[in-house]
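Line by line, the protein sequences give chains A and B. Just so we're aligned, residue 12 is where the first sequence starts under my numbering, counting upward by one. Just so we're aligned, residue 12 is where the second sequence starts under my numbering, counting upward by one. For each residue, glycine too, the CB sits at the ideal point set by N, CA and C. All values derive from a computational prediction rather than experimental measurement.
Number of protein chains: 2
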Amino acid sequence: MPMPSLNIDERRTQSPDVAVSIVVFAIQPPAALVAPGTADPERPVRLWLPLVRRLREPYAGAWALPGGPLAWDRSLDQVAGATLLATTGLPARHLEQLYSFGATGRSATAPRLVTIAYWALLALDQPLAADGIDHVAWFPADALPDLAFDHRDIVDVALDRLRAKTAYADIAARFLAPEFTLAELRQVHDAVLGTTSDPANFRRRLLASGQVEPTGSLRREGAHRPARLFQFTPGPHPREQDPA
Amino acid sequence: MPMPSLNIDERRTQSPDVAVSIVVFAIQPPAALVAPGTADPERPVRLWLPLVRRLREPYAGAWALPGGPLAWDRSLDQVAGATLLATTGLPARHLEQLYSFGATGRSATAPRLVTIAYWALLALDQPLAADGIDHVAWFPADALPDLAFDHRDIVDVALDRLRAKTAYADIAARFLAPEFTLAELRQVHDAVLGTTSDPANFRRRLLASGQVEPTGSLRREGAHRPARLFQFTPGPHPREQDPA
DNA sequence: TCAAAAGTGTTCTACGTACACCCATGG
DNA sequence: CCATGGGTGTACGTAGAACACTTTTGA
């Protein structure tokens with residue numbers, strides 16, 4: 012039984028590099044930054060995420076997740092939030108740590124690298140900025156190019172987590188503006204999970220859960236009865252955000 | 012909007028220290044290492060976990076989670092497994108990454124520190140080693156001493172995860188020997204969740220889930236009908252282990 | 001033959017699904 | 001007045017909770 016050294020949080024050794032990467036999901040990408048050839052008028056409600064073109068080796072020229080090194084005086088959450096802002100120009104509607112990746116050989120040339128991955132949701136109530144943001148393009152989650160490092164694995168884990176949370180929580184509402192119709196919410200829900208829900212049952216289930224409540228106002232559009240608008244029920248929703 | 016630097020996995024900066032800490036759960040601690048005054052004959056089935064007495068500043072003399080620095084040539088999972096082995100003398104029945112903690116000011120004196128936390132389960136089919144393991148004591152999970160750093164937060168997150176997995180998966184069986192009775196499994200299940208399940212319903216639910224299957228043999232003990240022994244159903248249980 | 005735990009059967013309720021049907025609106 | 005989506009009502013099936021009951025053993 013080797014390794015007599017137990018415990019110890021602070022021992023100083025040759026430290027690996029620590030980076031934070033982030034998988035950002037949105038329902039509608041900024042039109043100016045849609046990657047060529049990926050739009051599909053047949054499917055208006057799809058999952059999109061932004062990628063960054065790498066400028067340096069290794070993987071120069073390849074697409075990668077947005078990210079950056081962990082700054083000395085910033086928490087993991089802060090670095091993730093700053094990366095998101097620099098990539099999209101918007102703060103997240105939901106930001107959550109995903110998983111940490113630290114296998115050896117993740118980067119062939121670079122020194123040892125540990126990546127702490129986050130995932131985030133953006134609402135579509137503000138247009139995403141496109142000016143002043145270079146080397147970024149948005150791709151549909153089901154039509155991604157080859158990615159640098161093991162970033163494809165990270166995206167897959169993020170998709171799993173997003174679908175799991177969508178199935179049991181109201182996470183889908185965070186894609187939308189503060190006020191939304193239940194039909195909009197159902198479309199997002201179905202787009203994420205790949206299902207087709209019954210509108211009546213979706214409505215009842217959601218109302219019974221107490222996660223949303225009507226705002227009182229209506230939205231009229233098209234030749235049919237206007238839809239009631241809903242919002243998140245504010246207040247104590249346990250464990251929406253993990254600790255940091 | 013500051014921070015023009017996007018992307019980049021490999022940029023070299025002053026790296027923080029990276030450590031791996033682990034929360035190890037077991038149902039029965041090694042008798043020789045039970046912390047004084049924590050045993051309770053009234054409750055034979057309880058959750059226990061090992062702590063390590065710190066030798067260095069900061070927090071010298073305080074109890075802390077087992078852990079160690081991330082070695083250059085080891086993956087996160089490997090370091091977690093090695094720490095577990097050094098602390099308990101046994102390999103884990105279940106080992107899973109928990110969360111990464113990287114707030115600033117976690118360690119007042121040490122340089123910046125990022126801790127990647129794991130949690131593990133030990134089976135009680137082998138006696139835990141006590142010889143050659145120093146500075147380690149086992150405590151009941153509901154009667155822990157004050158812990159160094161923010162390790163108390165880590166334990167709380169691990170408890171939440173353990174309870175969540177116990178509620179929807181057969182994770183409780185990993186505390187037991189390969190063959191077990193449903194009554195044993197139910198006791199573990201209830202000890203972890205703090206519930207008292209109906210034996211009949213527990214039996215039916217578990218059998219219907221297909222997660223366990225009878226081995227064919229019986230166990231006779233006490234003045235009552237012998238109990239059938241069960242085992243994990245081997246094979247494709249999706250997502251028992253997250254990626255690394 | 002009795003206590004004790006293993007194991008089975010039965011009922012009740014909650015909740016999700018399927019689907020028929022009514023409501024309100026613009027054209 | 002009709003097509004369209006919003007919204008309600010209702011019947012069915014499955015799964016868990018509660019609990020009465022039978023089975024098998026050691027003493």
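Original post:
Do you know whose CA, among B:V223, B:P237 and B:Q222, lies nearest L229 of chain B's CA?
Top reply: Taking only the C-alpha atoms, the option nearest L229 of chain B is B:P237.
Original post:
Nearest chain B C-beta to R23 of chain A closer than 8 Å, yes or no?
Top reply: Its pLDDT being 37, under 50, R23 of chain A is placed unreliably by the model, and the measurement read from it follows with that caveat. Yes, its Cβ sits closer than 8 Å to a Cβ of chain B.
**OP:** Kindly provide the ranges of any beta strand (DSSP E) runs that are 3 or more residues long and lie completely inside the segment 174-231 of chain B, ordered along the chain.
**Re:** Within the segment 174-231 of chain B, the complete beta strand (DSSP E) segments of 3 residues or longer fall at 223-230, listed in chain order.
Original post:
Can you list the residues of chain A that L87 of chain B reaches, using a CB-CB cut of under 9 Å?
Top reply: Neighbours of L87 of chain B on chain A, chain order: S111, F112, G113, A114 and V125.
**OP:** Anything in the segment 76-101 of chain B with a Cβ closer than 9 Å to a Cβ of chain A? List those residues in chain order, please.
**Re:** Listed by position along the chain: L76, P77, G78, G79, P80, L81, A82, W83, D84, R85, S86, L87, D88, Q89, V90, A93, T94, L96, A97, T98 and G100.
Subject >> Minimum Cβ-Cβ distance from P156 of chain B to chain A less than 8 Å >> reply: With 8 Å as the cut-off, P156 of chain B does not count as an interface residue toward chain A.
Original post:
CB-CB under 8 Å to E195 of chain A, same chain, minus the five flanking residues each way: which ones, in chain order?
Top reply: L187, listed in sequence order.
**OP:** Please compile the residues from chain B whose C-beta is within a distance smaller than 7 Å of the C-beta of V29 of chain A.
**Re:** Within 7 Å Cβ-Cβ: S26, P27, V29 and V125.
Original post:
What is the rounded straight-line gap between the Cα of P156 of chain A and the Cα of G48 of chain A?
Top reply: Rounded to the nearest angstrom, the two C-alpha atoms are 12 Å apart.
Original post:
If you measure from the beta carbon of Q198 of chain A to each beta carbon in chain B, is any gap under 8 Å?
Top reply: False, the Cβ-Cβ gap to chain B never drops below 8 Å.
Original post:
Less than 8 Å separating the beta-carbons of G113 of chain B and L95 of chain A?
Top reply: In this structure, L95 of chain A does not lie closer than 8 Å to G113 of chain B by Cβ.
**OP:** Assign Y179 of chain B to one of two classes, buried (16 or more other C-beta atoms within 10 Å of its C-beta) or exposed (fewer than that).
**Re:** By the neighbour-count criterion, in which 16 or more other beta carbons inside 10 Å mark a residue as buried, Y179 of chain B falls on the exposed side.
**OP:** For V56 of chain A, name the three-state secondary structure that DSSP assigns.
**Re:** In the structure shown, the three-state DSSP call for V56 of chain A is coil.
**OP:** Let me know if P77 of chain B comes out buried or exposed under the rule of 16 or more other beta-carbons within 10 Å of its beta-carbon.
**Re:** The residue in question, P77 of chain B, is buried, as its Cβ has 16 or more Cβ neighbours within 10 Å.
Original post:
Can you name the start and end residues of the beta strand (DSSP E) that V29 of chain A belongs to?
Top reply: D28 to F36 is the span of the beta strand (DSSP E), which, as asked, contains V29 of chain A.
**OP:** Could you tell me whether the segment 124-132 of chain A touches the segment 29-41 of chain A, where touching means 3 or more Cβ pairs closer than 8 Å?
**Re:** Counting Cβ pairs under 8 Å, three or more are found: they touch.
Original post:
For E190 of chain B, which option in B:H146, B:A134, B:P61 and B:H235 has the closest C-alpha, if you only look at C-alpha atoms?
Top reply: When B:H146, B:A134, B:P61 and B:H235 are compared, the shortest CA-CA separation from E190 of chain B is found for B:A134.
Original post:
Could you give the distance in angstroms between the alpha-carbon of V56 of chain A and the alpha-carbon of L44 of chain A?
Top reply: Approximately 17 Å between the Cα atoms of the pair.
**OP:** Have a look at A:L193, A:W74 and A:L106 and flag the residue whose alpha-carbon is nearest the alpha-carbon of R215 of chain A.
**Re:** Nearest of A:L193, A:W74 and A:L106 to R215 of chain A, Cα basis: A:L193.
Subject >> Pick from B:A159, B:F213, B:Q222 and B:E224 that is closest to R74 of chain B, judged by C-alpha positions >> reply: A small correction: the amino acid at residue 74 of chain B is Trp; Arg does not occupy that position in the sequence shown. Answer by Cα proximity: B:A159.
Subject >> Proximity to D201 of chain A [Cα-Cα], best of A:P40, A:R163, A:R172 and A:L58 >> reply: Selected option, being the one with the closest Cα: A:L58.
Original post:
For a contact meaning CB atoms closer than 7 Å, what does Q108 of chain A contact in chain B?
Top reply: Around Q108 of chain A, the beta-carbon contacts reaching into chain B at under 7 Å are Y110 and S111.
**OP:** Take the Cβ of E107 of chain A as the centre, count every other Cβ of all protein chains shown within 10 Å, and call the residue buried at 16 or more, exposed below.
**Re:** Taking every protein chain shown into account, the CB of E107 of chain A has 16 or more other CB atoms within 10 angstroms, so this residue is buried.
**OP:** Would you kindly work out how many angstroms separate the C-alpha atoms of A152 of chain A and L66 of chain B, rounded to a whole number?
**Re:** Cα-Cα distance, rounded: 49 Å.
**OP:** Look up R172 of chain B in the DSSP assignment and say whether it is helix, strand or coil.
**Re:** Three-state result, R172 of chain B: helix.
Original post:
How would you write the range of the beta strand (DSSP E) that V147 of chain A sits in, first residue to last?
Top reply: Per DSSP, the continuous beta strand (DSSP E) segment holding V147 of chain A begins and ends at V147 to P151.
Subject >> Residues bridged to L240 of chain A [DSSP beta-bridge criterion] >> reply: Note: L240 of chain A sits in no beta bridge, so no partner.
Original post:
With 16 as the cutoff for other CB atoms within 10 Å, does H235 of chain B come out buried or exposed?
Top reply: H235 of chain B is exposed by the Cβ-count criterion.
**OP:** Just grab the DSSP bridge partners of R117 of chain B for me.
**Re:** None, per the DSSP bridge assignment.
Original post:
With 16 other CB atoms within 10 Å as the buried threshold, where does R174 of chain A fall?
Top reply: Exposed, since its Cβ has fewer than 16 Cβ neighbours within 10 Å.
Subject >> Inter-residue CB distance, S111 of chain B and L87 of chain A (contact presumed, cutoff 8 Å) >> reply: Indeed, because the Cβ distance is near 6 Å, the residues count as touching under 8 Å.
**OP:** Could you work out which residue in B:I182, B:I144 and B:G116 is closest to L101 of chain B when comparing CA atoms only?
**Re:** Comparing C-alpha distances from L101 of chain B to each of B:I182, B:I144 and B:G116 shows the shortest one belongs to B:I144.
**OP:** Determine the direct distance from the alpha carbon of T226 of chain A to that of I38 of chain B, and round the result to whole angstroms.
**Re:** Distance between the alpha carbons of I38 of chain B and T226 of chain A: 50 Å.
**OP:** Keeping to the same chain, check which residues put their C-beta closer than 8 Å to that of P27 of chain B; ignore five residues upstream and five downstream.
**Re:** These residues qualify, in order along the chain: G113, P122, R123, L124 and V125.
Original post:
Considering only residues of the same chain and omitting the five flanking positions on each side of R104 of chain A, which have a CB-CB separation below 7 Å?
Top reply: For R104 of chain A, where only same-chain residues beyond five positions count, the Cβ hits under 7 Å are L132, L133, A134 and R185.
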